[in-house]
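Chemist: So the number in our numbering is just where the residue sits in the sequence shown, counting from 1, plus 72.
Using N, Cα and C, we set each Cβ at its ideal position, and we do this for glycine too.
Nothing here was measured: the structure is a model prediction, and the numbers come from that model.
Before anything else, here's the structure in question.
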Amino acid sequence: MNSSLGKIIFLLVIPFLLMAKVSVSVDKPVVYFGDDVVFTITAEGEDITFPQITMIGTTVVKGTSSSSSVRIVNGNYSKTVSQSYTLSPKGPLNIPSYEVKVDGKTEKTDPLSVKTVKSSKNPDAAVVLDLKLEKKEAYIGEAIRFDLVFKQRPNVRIDQLQIEEPKFEDFWIKKIEGVKKGSEGEYITQTYSYLLFPQKSGKLSIPAVTADVGQAVRQRSRGGMNDPFFSSFFGSRMQVSKVFSNEAVLDVKPLPGNLELYGNFNIKTSVDKEKIHTNKPVNLNISIDGVGNLDDIQKFSLDIDGVIVYSNEPEINTRMSGAEYLGSFEQKIALIGDQDYTIPALTLRYYDKDTHKEVIKKSEPIKIHVIGASAKVQNTFETADTSKVESTPQKQATKSVVTSTDKMTLFYAAAIGFIIGALLSYLMMRNKKERRPQAKKETPIEQLIVKTKGDKALFELLLPYKKSSIVISAVLEKLEENLYRGAKNNIDKKTLIAHFRGEESIAELI
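Here is the structure:
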């Protein structure tokens, strides 16, 4: 009987063990370079939690989808859920083991691998994608033009075309807007142009780029009819095929002397005023223009003794002019000092694209005169000259005789002193009772905060206090965001005044 009971329990447990299993699959074990592959995890159970997968190795998951089904056989209920992940590998794809929670238990999937192969490019195909580089050698930071030319024969109909946006390792890429249409031999062409900026030296590989070519295929109606009426009624589906470009290699040379800029540039500086009242800001403008990778120019910073410096983020505007990449770099810096000071010359180093030599250009130093500057006072101390101090002989004590008249004088003096002391004590006690707290008198900075109108005026007023506390620095950052980044931060003047009085906490202002 025990044997029979064990068999019954075993038969009851088997369905639950089967439901807890998970399986994995791929729609194809071998794919072309850049083609899509679908990786699917399937589990059976009631409560299923799939892993969150956004990347497998170096391949990004393009999308996910799920499906479920319910099966009832002879009264037995089972639920199956599948989670699918779509990827486009550009190399061998090794899918590791993943954990799936099924009805409170943790199950592990089996690892899988997908092989990728390069498609053979047929130059006489109906559609072709060519990758063309402007040159095969370049310097770090040099702008290299490359084109993706999509070619199709005139008798080939294309209903949908999607070309992959290039993303190459070790390159910064900027797209040139617009598509140039033309012809090449027996092909109609569409040219998409980009600029490559190599970020390191060596022989850098540029992998193939893919294009999805879609053609609408009519759906056949029931009964095999292909009548235009039924075709338009039942619609059509898009049949997509992939086209791969060629690959390329660019030989990148390093810039000498640890230079980072390549091109031809000019730098100049200017100020809104060279004479300024004490604790008022001088606005310095740094302007750089030229041809080359202006995007690599770093933000300037100044360190001037006794001067508060506030640097804004630079604004870079670029454009294409013919085959050249050019533009401008603008940065504003506010400076406040209470003494005369000099803005030093700023230096710009780059590798000239024409002379192939290092070029150093400097701006002119600018002297700023501060009106009403406080004089620098040296601490001086006077010491008493004790060398000429003469000692005077003390007078010998003499015996005094007090008469009756002197006694009366002393009596009146004591009486008057007592009356005056009593009167003073009374007045002091009365004054103590009538004393009331007086309102604090506003300081000049508090009065100016109340009178300021607009973020710019308040920004200039608070700038001299930037280093006084982290609170003022935080307020200045919010004002800077309002002035130069389009933000709409609200600055509470009452809270700001309370901070200067020492009545508010830091958290209320930041």
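May I have the straight-line CA-CA distance separating LEU398 from ASN336, to the nearest angstrom?
Modeler: Position 326 of the sequence shown, counted from the first residue, corresponds to residue 398. Position 264 of the sequence shown, counted from the first residue, corresponds to residue 336. The straight-line gap from Cα to Cα measures roughly 9 Å.
Chemist: Identify whether LEU551 lies in helix, strand or coil by the three-state DSSP scheme.
Modeler: Start at 1 with the first residue of the sequence shown, and residue 551 comes out as number 479. Three-state result, LEU551: helix.
Chemist: Along the chain, where does the alpha helix (DSSP H) that runs through ASP99 open and close?
Modeler: Counting from 1 along the sequence shown, the entry for residue 99 is found at position 27. Taken as a continuous stretch (DSSP letters only), ASP99 belongs to no alpha helix (DSSP H), as it is neither H nor E.
Chemist: Does the stretch 275 to 285 come within contact of the stretch 231 to 243, defined as at least 3 CB pairs closer than 8 Å?
Modeler: yes
Chemist: DSSP three-state call for THR458: helix, strand or coil?
Modeler: The residue you call residue 458 lines up with position 386 of the sequence shown. Its pLDDT being 38, under 50, THR458 is placed unreliably in this model, and the coordinates cannot settle the point.
Chemist: Can you have a look at PRO516 and say buried or exposed, based on whether 16 or more other CB atoms are within 10 angstroms of its CB?
Modeler: Locating residue 516 in the sequence shown gives position 444, counting from the first residue. By the Cβ neighbour-count rule, PRO516 is exposed, with fewer than 16 other Cβ atoms within 10 Å of its own.
Chemist: Return helix, strand or coil for PHE222, following the three-state DSSP convention.
Modeler: By one-based count along the sequence shown, residue 222 stands at place 150. Three-state DSSP puts PHE222 in a strand.
Chemist: Mind checking LYS523: buried by the 16 CB within 10 Å criterion, or exposed?
Modeler: Looking up residue 523 in the sequence shown gives position 451. Exposed, since its Cβ has fewer than 16 Cβ neighbours within 10 Å.
Chemist: Output needed for LYS187: all residues of its chain with C-beta closer than 7 Å, excluding positions within five of it in sequence on either side, in chain order.
Modeler: For the purposes of this step, residue 187 is identified with residue 115 of the sequence shown, where counting begins at 1. Around LYS187: PRO101, VAL102 and PRO164.
Chemist: Based on Cα-Cα distance, which residue from ALA546, SER313, ASN355 and SER435 lies nearest to PRO416?
Modeler: Taking the sequence shown and counting its residues from 1, the one referred to as residue 416 is at position 344. When each option's Cα is compared against that of PRO416, the closest is SER435.
Chemist: Of the choices ASP377, LYS207 and PRO386, whose alpha-carbon is the least far from that of THR414?
Modeler: Counted from its first residue, the sequence shown places residue 414 at position 342. That would be ASP377, whose Cα lies nearest to the Cα of THR414.
Chemist: Using the beta-carbon count (16 or more within 10 Å), is THR130 buried or exposed?
Modeler: Your numbering for residue 130 matches position 58 in the sequence shown. That one is exposed.
Chemist: Cβ-heavy atom distance between LYS539 and the ligand ATP below 7 Å?
Modeler: No copy of the ligand ATP occurs in the structure displayed, which carries no ligand at all.
Chemist: What are the partner residues of HIS571, as DSSP defines its beta bridges?
Modeler: Residue numbering aside, residue 571 sits at position 499 when the sequence shown is read from its first letter. DSSP output for HIS571 lists no bridge partner at all.
Chemist: Tell me which same chain residues have a C-beta within less than 6 Å of the C-beta of THR470, skipping the five on either side of it?
Modeler: By 1-based counting over the sequence shown, the position of residue 470 is 398. Below a pLDDT of 50, predicted positions are generally treated as unreliable, and THR470, at 38, falls in that range; no measurement from the model is reported.
Chemist: Taking contact to mean at least 3 C-beta pairs separated by less than 8 Å, is the stretch 345 to 358 in contact with the stretch 328 to 335?
Modeler: no
Chemist: So who's on the other strand from HIS349, going by DSSP bridges?
Modeler: Here residue 349 corresponds to residue number 277 of the sequence shown, with the count starting at 1. Its beta-bridge partners are ILE443.
Chemist: Taking the alpha-carbon of THR261 as reference, which of ARG217, ASN148, LEU555 and LEU203 has the nearest alpha-carbon?
Modeler: Reading the sequence shown from its first residue, position 189 is the one you call residue 261. For THR261, the nearest C-alpha among the options comes from LEU203.
Chemist: Are there 16 or more other CB atoms within 10 angstroms of the CB of PRO270, so buried, or fewer, so exposed?
Modeler: Translated into positions along the sequence shown, residue 270 becomes position 198. Buried is the call here.
Chemist: Does SER317 pass the burial test, meaning 16 or more other C-beta atoms within 10 Å, or should it be called exposed?
Modeler: What you label residue 317 is simply residue 245 of the sequence shown in a count that begins at 1. Result: buried.
Chemist: Tell me whether PHE531 sits in a helix, a strand or coil according to DSSP, three-state version.
Modeler: Sequence index remark: in the sequence shown, residue 531 carries index 459 (1-based). If DSSP states are grouped into helix, strand and coil, PHE531 belongs with the helices.
Chemist: Within a Cβ cutoff of 7 Å, which residues of the same chain sit near LYS538, ignoring the five residues on either side of it in sequence?
Modeler: For the purposes of this step, residue 538 is taken as residue 466 along the sequence shown, with counting starting at 1. Contacts found: ILE380, TYR382, ILE544, SER545 and LEU548.
Chemist: Mind checking which residues open and close the alpha helix (DSSP H) that includes LYS523?
Modeler: The sequence position of residue 523 within the sequence shown is 451, counting from 1. Its alpha helix (DSSP H) spans residues 516 to 523.
Chemist: Quick check on PRO270: does DSSP put it in helix, strand or coil?
Modeler: Counting from one through the sequence shown, the residue named residue 270 turns up at place 198. If DSSP states are grouped into helix, strand and coil, PRO270 belongs with the strands.
Chemist: DSSP on ILE369, reduced to helix/strand/coil?
Modeler: Position 297 of the sequence shown, counted from the first residue, corresponds to residue 369. Note: ILE369 maps to coil in three-state DSSP.
Chemist: Can you check whether the CB of SER140 is closer than 8 Å to the CB of THR152?
Modeler: Residue numbering aside, residue 152 sits at position 80 when the sequence shown is read from its first letter. Residue numbering aside, residue 140 sits at position 68 when the sequence shown is read from its first letter. Yes; because the gap between Cβ atoms is below 8 Å, this pair is in contact.
Chemist: Just how far apart, CA to CA, sit PRO386 and VAL98?
Modeler: On the sequence shown, position 314 is the one that residue 386 refers to. On the sequence shown, position 26 is the one that residue 98 refers to. Those two C-alpha atoms are separated by around 49 Å.
Chemist: Please confirm if the stretch 423 to 438 is in contact with the stretch 238 to 253, defined as three or more CB-CB distances below 8 Å between the two stretches.
Modeler: no
Chemist: Quick one: using the 10 Å Cβ neighbour count with 16 as the cut-off for buried, is GLN403 buried or exposed?
Modeler: Translated into the one-based positions of the sequence shown, residue 403 becomes position 331. GLN403 is buried by the Cβ-count criterion.
Chemist: Would you list the one or two residues that DSSP bridges to LYS539?
Modeler: Counted from its first residue, the sequence shown places residue 539 at position 467. Answer is none; LYS539 lacks a bridge partner.
Chemist: Figure out for me which residue from ARG225, SER150 and ILE212 has the closest Cα to the Cα of LYS425.
Modeler: Against the sequence shown, residue 425 aligns to sequence position 353. With distances taken between Cα atoms, LYS425 lies closest to ILE212.
Chemist: Answer yes or no: do PHE122 and VAL172 have a C-beta to C-beta separation smaller than 8 Å?
Modeler: Against the sequence shown, residue 122 aligns to sequence position 50. Against the sequence shown, residue 172 aligns to sequence position 100. Contact flag set, yes.
Chemist: Name the DSSP bridge partner or partners of ASP202?
Modeler: Walking along the sequence shown from the start, residue 202 turns up at place 130. Bridge partners of ASP202 according to DSSP: VAL221.
Chemist: Taking all protein chains shown into account, decide if ASP196 is buried (16 or more other Cβ within 10 angstroms of its Cβ) or exposed.
Modeler: Position 124 of the sequence shown holds residue 196. Classification of ASP196: exposed, given that the 10 Å Cβ count is below 16.
Chemist: Relative to the C-alpha of THR181, which candidate in GLU237, ILE144, ALA115 and LEU205 has its C-alpha closest?
Modeler: Taking the sequence shown and counting its residues from 1, one reaches residue 181 at position 109. Looking at the Cα atoms, ALA115 is the closest of the given residues.
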